[in-house]
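What follows is a short report on a single structure.
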Amino acid sequence: MPQTFRRYGVWEVALSARDEPNNGVHERVQAGDIIAIRRQLGYVGRKERSSVVWILLTGLDDSDMYPLIHPVEEGNDVFFDKRRYCIPLTRLKQAFPSLDMARITDRQDAYQPFCLLDEDTGYMLTMHPPFHVQGLVYDKSMARWI
Amino acid sequence: MQSARQLPVTYIENSYGGATRDYTSLNVWESDTDTNLVTEGNGKVLSGYKDFPSYDDEIFLGAANTDASYFRAIQPAPGEGHTGVPGTGFKIAYTGASDKQINCFDHYFRAHDIEFTRTVNSASAPRIFFLGRTNAKVVGCLLYDGINTGAGSVHGIYQDDDKCITVDSLIKNMSGVGIVSNPAAGFTSYIYNCTLQGNGVRAVDHSSGTTVCKNVLANANVSEDFNAGTYTGSSNNASSDATAPGTSSRINQTFTFVDAPNNDFHLSTSDAGAKDFGVDLNADAFFAFNDDIDGDLFATWDIGFDEPGTPGGGGGHLLGRLAGNGGLAGNGGLVSYGGGLAG
Chain P
0 MPQTFRRYGV WEVALSARDE PNNGVHERVQ AGDIIAIRRQ LGYVGRKERS SVVWILLTGL
60 DDSDMYPLIH PVEEGNDVFF DKRRYCIPLT RLKQAFPSLD MARITDRQDA YQPFCLLDED
120 TGYMLTMHPP FHVQGLVYDK SMARWI
Chain Y
0 MQSARQLPVT YIENSYGGAT RDYTSLNVWE SDTDTNLVTE GNGKVLSGYK DFPSYDDEIF
60 LGAANTDASY FRAIQPAPGE GHTGVPGTGF KIAYTGASDK QINCFDHYFR AHDIEFTRTV
120 NSASAPRIFF LGRTNAKVVG CLLYDGINTG AGSVHGIYQD DDKCITVDSL IKNMSGVGIV
180 SNPAAGFTSY IYNCTLQGNG VRAVDHSSGT TVCKNVLANA NVSEDFNAGT YTGSSNNASS
240 DATAPGTSSR INQTFTFVDA PNNDFHLSTS DAGAKDFGVD LNADAFFAFN DDIDGDLFAT
300 WDIGFDEPGT PGGGGGHLLG RLAGNGGLAG NGGLVSYGGG LAG
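Each protein sequence line maps, in turn, to chains P and Y.
Sequence positions in the first sequence follow numbering that gives the first Met the number 0 and run 0 to 145.
Sequence positions in the second sequence follow numbering that gives the first Met the number 0 and run 0 to 342.
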């Protein structure tokens with residue numbers, strides 16, 4: 000019997016937790032922008048506990064996952080928006096209703112709603128199961144969900 | 000006297016490595032430091048630790064507001080750097096699918112003394128560095144084993160804008176080109192005191208604009224060492240074939256390294272192909288410096304990344320030793336020093 004399913008990897012993804020002010024050259028990341036993607040490491044650094052939100056994603060091949068950190072480009076060398084892909088926090092709250100919207104945007108709050116971090120070591124003790132990219136990740140350049 | 004390794008006049012330093020460091024992701028550091036560094040009056044420096052043998056990571060440097068005094072840089076922490084031999088220092092070994100591993104859209108960005116490898120399965124030609132803004136600098140880095148298991152290749156460094164430069168670096172065994180020089184017409188990119196060994200296509204590929212090569216050693220690159228192109232201002236290069244461009248360059252040379260079979264491409268003291276044949280760059284109009292891959296001072300200038308017969312790196316570069324960088328390991332601290340800028 001033919002196999003029709005595909006197996007995708009699980010990726011650790013860092014989302015911007017808030018809008019960052021313009022740096023004088025271009026628009027910086029906005030809340031929900033996808034900043035970093037990597038295969039699962041299982042730990043984060045000290046400054047990565049509050050500046051970004053860590054979440055697990057699945058549903059794309061390697062070659063399709065890495066472009067999620069690309070900028071919105073105009074021509075070959077020019078970009079005007081820091082990141083092309085995002086997970087809007089409002090959409091994330093629909094998928095995860097207990098998400099605390101006040102805490103996630105608080106710069107002083109090391110709020111990680113999708114993982115339990117060991118405060119001493121930075122290791123992820125537990126993680127929320129991976130979210131699927133479809134219907135969650137938004138392509139700002141094409142104005143559509145992937 | 001001026002080291003090729005120059006850091007911002009004042010800067011905020013953070014650490015990179017395992018979970019006890021500030022950052023485990025280059026892109027998260029990038030996002031946190033993508034600010035107006037000029038108005039802040041602080042550069043941003045990320046210092047890497049060998050908590051693990053290597054890190055599978057990439058970065059898109061998305062155009063912080065910088066100038067010659069305040070910019071972003073990545074380097075090993077004190078004692079974490081290589082000895083000039085692959086496999087001895089802080090290393091980023093990327094296996095992801097992005098075309099550009101270090102994708103630089105920062106003016107004045109610097110990478111110092113880091114090891115890079117790249118493994119990819121692609122039909123195109125990914126590159127380790129893409130220098131897409133002016134005055135980006137790669138200094139003292141070891142790039143090796145750019146392996147593409149697909150139909151494409153891997154390039155080492157792609158210098159795509161005006162005044163980008165690679166200095167004191169080894170680029171070895173890229174399946175594609177060691178350094179592609181591709182600034183627009185009327186612009187210039189620079190390659191000084193690099194050793195380019197055994198790359199799958201050629202050592203240096205001049206694509207457009209002007210490429211200035213000085214003291215560049217190219218040995219046993221498969222197709223050719225240098226292609227034909229506009230190398231105006233180049234001098235004192237050396238090649239194993241007949242392609243070294245510029246004045247006072249040496250062609251069809253045989254080079255003697257300390258231990259090539261074990262990846263030690265420091266020049267042997269018995270070398271007769273490159274030793275003592277370099278041009279003095281102490282007062283170079285574009286990029287003046289005086290130290291080699293290990294931070295040792297060039298005495299009589301040589302071609303390639305090494306002054307032979309000196310002790311070797313030992314994991315610390317000249318700037319680190321002079322500026323007392325051993326005391327800068329604290330994270331997030333403000334640091335200043337009085338060194339001048341190299342251009």
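Idealized CB from N, CA, C, for every residue including glycine.
- A contact is defined here as three or more CB-CB pairs under 8 Å, and the segment 55–62 of chain P fails this definition with respect to the segment 7–22 of chain Y.
- With a 10 Å radius around the Cβ and a threshold of 16 neighbouring Cβ atoms, N214 (chain Y) comes out buried.
- Counting only residues of its own chain and dropping the five nearest sequence neighbours on each side, D224 (chain Y) has a CB closer than 8 Å to the CB of L195, R201, A202, V203, A217, N218, S238, S239, D240, T242 and A243.
- The C-beta of M64 (chain P) comes closer than 9 Å to at least one C-beta of chain Y.
- M141 (chain P) carries a coil assignment under DSSP once its states are collapsed to helix, strand and coil.
- In the assembly as shown, L124 (chain P) is an exposed residue. Its beta-carbon has fewer than 16 other beta-carbons within 10 Å.
- Within chain Y, not a single residue places a beta-carbon under 7 Å from that of T104 (chain P); the smallest gap is close to 15 Å.
- About 14 Å separates the Cβ atoms of V52 (chain P) and P129 (chain P), ruling out a contact at the 8 Å cut-off.
- Straight-line spacing of the CA atoms in I146 (chain Y) and G23 (chain P) works out to 38 Å.
- Within chain P, the C-beta atoms nearer than 7 Å to that of V27 (chain Y) come from A13, I34, A35, E47, S50 and V51, in chain order.
- Partner residues in the beta bridge of P75 (chain Y), as assigned by DSSP, are Y:G47.
- Straight-line measurement puts the Cα of V132 (chain P) at about 43 Å from the Cα of G83 (chain Y).
- The Cβ atoms of H106 (chain Y) and A72 (chain Y) do not sit closer than 9 Å to each other.
- Of all residues in the segment 117–133 of chain P, the ones placed with a Cβ closer than 7 Å to any Cβ belonging to chain Y are T120, G121 and Y122, in chain order.
- Non-local C-beta neighbours of I170 (chain Y) in its own chain, meaning closer than 6 Å and more than five positions away in sequence, comprise L142, G155, G177 and L195, ordered along the chain.
- Going by C-alpha positions, I86 (chain P) is about 5 Å away from G31 (chain P).
- Going by DSSP, K171 (chain Y) is part of the beta strand (DSSP E) stretching over L169 to M173.
- Following the DSSP letters along the chain, one finds W28 (chain Y) inside the alpha helix (DSSP H) bounded by residues L25 to T32.
- Taken in chain order, the unbroken stretches of alpha helix (DSSP H) that lie wholly in the segment 31–93 of chain P and span 4 residues or more are 61–64.
- Cα atoms of K92 (chain P) and I103 (chain P): separation of roughly 11 Å, rounded to the nearest angstrom.
- Contact annotation: in the segment 0–17 of chain Y, residues whose CB is within less than 9 Å of a CB in chain P are N13, S14, Y15, G16 and G17.
- Any Cβ of chain P closer than 9 Å to the Cβ of S46 (chain Y) would place that residue at the interface, and such an atom is absent.
- By the Cβ-count criterion, G139 (chain Y) is buried, with 16 or more other Cβ atoms from all chains shown falling within 10 Å of its own Cβ.
- Ranking P:A13, P:R38 and P:E26 by CA distance to the CA of N26 (chain Y) puts P:A13 first.
- In this chain, E19 (chain P) is not harboured by any beta strand (DSSP E), its DSSP state being neither H nor E.
- Assignment of T38 (chain Y) by DSSP, reduced to helix, strand and coil, places it in the helix class.
- Secondary structure of N147 (chain Y) (DSSP, three-state): strand.
- For A101 (chain P), there is no enclosing beta strand (DSSP E); the residue is found in the alpha helix (DSSP H) stretching over M100 to I103.
- In this structure, the CA atom of E39 (chain Y) is about 10 Å from the CA atom of T65 (chain Y).
- Secondary structure of N226 (chain Y) (DSSP, three-state): coil.
- Using a CB distance cut-off of 9 Å, K139 (chain P) does not count as an interface residue toward chain Y.
- Under DSSP, the beta-bridge partners assigned to D263 (chain Y) are Y:D258.
- In this structure, DSSP gives W10 (chain P) an extended state, which the three-state scheme calls strand.
- Residue-level contact check: E223 (chain Y) does not touch chain P, since none of the beta carbons of chain P fall below 9 Å from its beta carbon.
- Straight-line spacing of the CA atoms in A135 (chain Y) and A76 (chain Y) works out to 20 Å.
- At least one CB of chain Y lies nearer than 9 Å to the CB of Y42 (chain P).
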